[in-house]
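Accompanying notes for the structure given below.
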Amino acid sequence: MALKRSGTKYDIFTKIALVLVVAIVFFLIILPLLNILIYSTQPTGSAIITNAFSDVVIRQILWNTMKLGLTVAFLGTLLGFIMAYTQARVEFRGKKVLHIVNLVPIISPPFAFATAVIVLFGRSGIITRGIFDWRPTLYGYTGLVLVLTLSFFPIAYMNLLGMLRSLDPALDEAGSSLGASKWRIFRTVTLPLLIPGFAGSFLLLFIESIADLANPLIIGGNYTVLASRAYMAINGDYDIPMAAGYSFLLLLPALLVFLVQRYWAQRKSVVSVTGKPSGRPTVVTSRLARFFLLSVTFLLTSLIVLVYATVVLGAFVKIIGVENSFTLEHFRYLLGGFANAAVRATTFLALMATPLAGIFGMLIAWLVIRKVRRGSEALDFLGMLGIAVPGTVIGIGYAITYNDPVKIGGVTVFPQVAGGAAIFGGAIAIVMVYIIRSSPAGQRSGISLLQQIDPSIEEASASLGASGGRTFRLVTLPLISGAFLSGLMYAFAHSMTTLSPIIFLVTPDISILTQKILAEADQGRYGNVFALCCMLIVLIMVIGGLINLLVRRFQVSTDRPLVTGR
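By numbering that gives the first Met the number 0, the letter at position 211 of the sequence shown is numbered 210, and the numbering carries on one by one without gaps.
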């Protein structure tokens, strides 16, 4: 590896940071993946892999997973584009409210949507049976597509909205001055420029949908996917090599799609000649187009509001749709002892992991952009593995790796941190998972922001005799405090709502809120599920708001140049 600027050497802080990052990545993601590969070579694991296409059952599970991923990716990207285009190019009242509503699924627990959809549209649903006297079966492929699409489309919405707002309106004006109609400009100018966004959103939604475990467990029914089958191999068959085999099959397409997405993002980019969009974007004036866009937007937003209204209402009535009298019994039961420990443990562990994940992501971003040349792409890729590898695979890998001390040559190099006999009751393993799963968001935003900041600012600090660590702490971190804040917010919300990796790591001593929600959903106690979801959302909003205020107190504006001389 070499420095970004030739002729200079690593200072002591850079050396320590690089060694620390490599060690953390090794123990938090590489070692668990290696153990997955090792266990998958054992008889029951290798049988799953070698018979993946010849065995009818395994082949069907593979097809179910791929079909679900492709369908959700297509529909989620399409809905995300419609909502983003409406937000960016259609004039109407309530845009801010619409934007907030579209983001609610991101901060809500993975069970909220599935459970509310069952209550509303299931065989005994409030709407399907109560209003239309229908008795549809939502369990299976149809229900999974509905729930996952509505849960993940905000990812595509945010991605495409950012791209639409970055497009230079001068491009539309040029097309219009040449006599092209708005439809022709949309088809030949706007859509081609958004192709990288479509591809990136499609691939991200594909990874998210095939990796999801919570919704297949609740609404999957007999529709088995790789994530749920790997979970059953651990908790039903008690066969770790078999679970490793299914995890390997799940890992392959996820990593392949992630690599394709990275390659595409590096090869394709939208460039504005002026550097920043100038002028005002062309708005949609066609009545037919406005009617279509606003109709879809209204229906989707109404459905999201209906689902979360059901969650809130269900928490405060005895049995929603059956006995709708007001009650606080669900909260009394949960806060009377059932969920107290889970609330405290989940919040405490998430708060522990949040700053560590934020700093870790910023440290990798700083090394990739400012310090490392050869190997910077590899370092960036390793840092992003936490989001590329499905949570189920990470959870099983941790259960295999850290249920015993890690030894090399008979010498313990890492203590037992998972399982009931682990130090702190297995809490350390959960924090490790939170860190490696949450840090990539801060890493990406940190890289994006550092690319826009002149390195001469940090060079000035070094020229005045400041060490690398002091420069990073007093100059770099304040400059990228915006990216640091977004990383912290994502880390906290993601840690509070994650399930698939930590479901394999909970112990009698450490109870996690999402695991409690799953247990109540399995028993059909939807009132308790809704109450727990409400508590979780409120915790995320309140503590996330406090984190926001705390970081903004130390935020440095980069809107004005900090160094003058030109």
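All residues carry an ideal CB built from backbone N, CA and C; glycine is no exception.
7 Å Cβ shell around residue i - same chain, five flanking residues per side excluded
{"i": "K275", "result": "Because K275 sits at a pLDDT of 49, beneath the cut-off of 50, its placement in the model cannot be relied upon, and the point is left open."}
{"i": "N101", "result": "M82, P153, Y156"}
{"i": "I217", "result": "F110, A113, T114, A520"}
{"i": "L548", "result": "none"}
{"i": "L160", "result": "A83, Q86, A87"}
{"i": "L381", "result": "V24"}
{"i": "V392", "result": "I35, S246, L249, L250"}
{"i": "I536", "result": "I106, S107"}
{"i": "P215", "result": "L143, V224, A226, S227"}
{"i": "V283", "result": "R88, V89, R289, L292"}
Strand pairing of residue i, partner residues [DSSP]
{"i": "T411", "result": "K406"}
{"i": "V537", "result": "According to DSSP, which records beta bridges pairwise, V537 is partnered with nothing at all."}
Residue burial classification, residue i (beta-carbon count within 10 angstroms, cutoff 16)
{"i": "S123", "result": "exposed"}
{"i": "Y570", "result": "Because the chain in this structure spans residues 0 to 565, residue 570 falls outside the shown range and cannot be described."}
{"i": "P646", "result": "Because the chain here runs from 0 to 565, residue 646 falls outside it and cannot be looked at."}
{"i": "A308", "result": "exposed"}
{"i": "D132", "result": "exposed"}
{"i": "K515", "result": "buried"}
{"i": "S180", "result": "exposed"}
{"i": "P653", "result": "Outside the shown range of the chain (0 to 565) lies residue 653, about which nothing can therefore be said."}
{"i": "Y230", "result": "buried"}
{"i": "L19", "result": "exposed"}
{"i": "G336", "result": "exposed"}
{"i": "L17", "result": "buried"}
{"i": "A22", "result": "exposed"}
{"i": "G174", "result": "buried"}
{"i": "F347", "result": "exposed"}
{"i": "V55", "result": "exposed"}
Three-state secondary structure assigned by DSSP to residue i
{"i": "F325", "result": "strand"}
{"i": "V282", "result": "coil"}
{"i": "I509", "result": "coil"}
{"i": "I318", "result": "strand"}
{"i": "G468", "result": "helix"}
{"i": "S227", "result": "helix"}
{"i": "E376", "result": "helix"}
{"i": "E457", "result": "helix"}
{"i": "P109", "result": "helix"}
{"i": "A421", "result": "coil"}
{"i": "L476", "result": "helix"}
{"i": "L299", "result": "helix"}
{"i": "D171", "result": "helix"}
{"i": "S180", "result": "coil"}
{"i": "D521", "result": "helix"}
{"i": "L149", "result": "helix"}
{"i": "L137", "result": "coil"}
{"i": "Q41", "result": "coil"}
{"i": "V89", "result": "coil"}
{"i": "L531", "result": "helix"}
{"i": "P354", "result": "helix"}
{"i": "Y84", "result": "helix"}
{"i": "Y489", "result": "helix"}
{"i": "N339", "result": "helix"}
{"i": "P104", "result": "helix"}
Close-in-space but distant-in-sequence residues of the same chain around residue i (CB under 6 Å, 5 per side omitted)
{"i": "P404", "result": "T411, P414, Q415"}
{"i": "S45", "result": "none"}
{"i": "N323", "result": "V316"}
{"i": "P500", "result": "G390, I393, G394, V432"}
Cβ shell of residue i (< 8 Å), same chain only, five flanking positions each side left out
{"i": "A314", "result": "H329, F330, G526, F529, A530, C532, C533"}
is_contact[residue i, chain D] using C-beta, thresh 8 Å
{"i": "G220", "result": "Among the protein chains of the structure shown there is no chain D, as only one such chain exists."}
>> Contact between the region 21-41 and the region 224-241 is defined here as three or more beta-carbon pairs at a separation below 8 Å; is this criterion met?
In response: yes
> Would the region 456-474 and the region 398-413 be scored as touching if the rule is three or more Cβ pairs under 8 Å?
Replying inline: Per the Cβ contact rule, the region 456-474 is not in contact with the region 398-413 (fewer than 3 Cβ pairs under 8 Å).
>> When you compare the region 476-489 with the region 443-454, are there three or more beta-carbon pairs, one atom per stretch, that lie closer than 8 Å?
In response: yes
> Counting Cβ pairs, one atom from each stretch, are 3 or more of them under 8 Å apart for the region 190-202 and the region 138-150?
Replying inline: no
>> Under 8 Å, with one C-beta from each stretch per pair, do the region 318-327 and the region 204-216 reach the 3-pair mark?
In response: The answer is no - the region 204-216 does not touch the region 318-327, with fewer than three Cβ pairs under 8 Å.
>> Taking 8 Å as the cut-off, does the region 252-261 touch the region 383-393 (at least 3 CB pairs, one atom from each stretch)?
In response: yes
> Hey, is the region 81-96 in contact with the region 493-500, meaning 3+ C-beta pairs nearer than 8 Å?
Replying inline: no
> Is there contact here, the region 365-381 with the region 524-541, by at least three beta-carbon pairs under 8 Å?
Replying inline: no
>> If contact is defined by three or more beta carbon pairs under 8 Å, each pair taking one atom from either stretch, is the region 222-237 in contact with the region 71-78?
In response: no
>> Check whether the region 505-513 and the region 419-433 touch, using three or more Cβ-Cβ pairs below 8 Å as the test.
In response: Judged by Cβ distances under 8 Å, the region 505-513 makes contact with the region 419-433, as three or more pairs qualify.
> Is there contact between the region 430-438 and the region 359-375, where contact requires at least three CB pairs shorter than 8 Å?
Replying inline: yes
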